[in-house]
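In this note's numbering, the protein residues as written are 2 to 229.
Dropping the structure here:
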């Protein structure tokens, strides 16, 4: 088992019940920049960022209490995502699964951690989150009424301008009303024929009449496109 752990690309940790390190695989030393002896001397509080340390402590205290009360509880958790402080000050993210190692009577005697570096994944997630926030900001603050609908024509998301135009509230529209519910009944068949005419992602335009909640009707020029 030691030979296997020494040659794994993923990280392997072994700790006692006081969370003191008793073994780490070479991949841990490579990732964090600390030697095994340095990791033995350092506490998790120094190795983890403040938020991740508090998250880990809360987890360990709860799980260890449960394990001591129930000898059948072999698995600690699904996984924890923790942010580590490397020796050079760089921050990296690890996704780690923890399990108890027990003696013959079933009593926990140490903790095994198996982790992998997910730093690049977290960076990508943060980039996507920022892109989504920018997109939502543009969507919400656009001067024109905008609606995103599913293939079933159910409205997935609408902006404030669409709410003003329709007379309905967002929570009445999103996920509950179809786009065709706002189209004058005489125009619905024609607007439905418009959807299959789209070529790829190229939008098409169509003139129709929108029906306000109070019954008023007014002419609009709609541009319909597909989001890939």
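Glycine included, C-beta positions come from ideal geometry on N, C-alpha and C.
No experiment lies behind these values; they were computed from the predicted model shown.
The beta carbon of residue 178 is closer than 8 Å to those of 155, 156, 169 in its chain, skipping five residues each way along the sequence. Secondary-structure assignment with DSSP links residue 207 through a beta bridge to 223. Assigned with DSSP and collapsed to three states, residue 192 falls in helix. Between the alpha carbons of residue 227 and residue 30 lies a distance of about 48 Å. Scanning its chain for C-beta atoms nearer than 6 Å, with the 5 sequence neighbours on each side dropped, one finds no residue around residue 44. Looking at the backbone, the Cα of residue 167 and that of residue 148 are separated by about 11 Å. Beta-bridge partners of residue 124 (DSSP): none assigned. The beta carbon of residue 184 sits closer than 8 Å to those of 192, 209, 210, 211, 212, all from its chain and outside the five residues before and after it, given in chain order. When the alpha-carbon of residue 10 is set against those of 27, 21, 23, the nearest one is in 27. DSSP, reduced to helix, strand and coil, places residue 100 within a strand of the structure shown. Here DSSP, grouped into helix, strand and coil, assigns residue 44 to coil.
Taking the CA atoms as reference points, residue 176 sits about 34 Å from residue 96.
Straight through space, the alpha carbons of residue 33 and residue 54 are spaced by roughly 16 Å.
With a contact defined as Cβ atoms closer than 8 Å, residue 112 and residue 86 miss out at about 20 Å.
When the beta-carbon positions are compared, residue 84 and residue 50 come within less than 9 Å of each other.
DSSP places residue 21 outside both helix and strand once states are collapsed to three, so it counts as coil. By the C-beta density criterion, residue 143 is exposed, having fewer than 16 other C-beta atoms within 10 angstroms.
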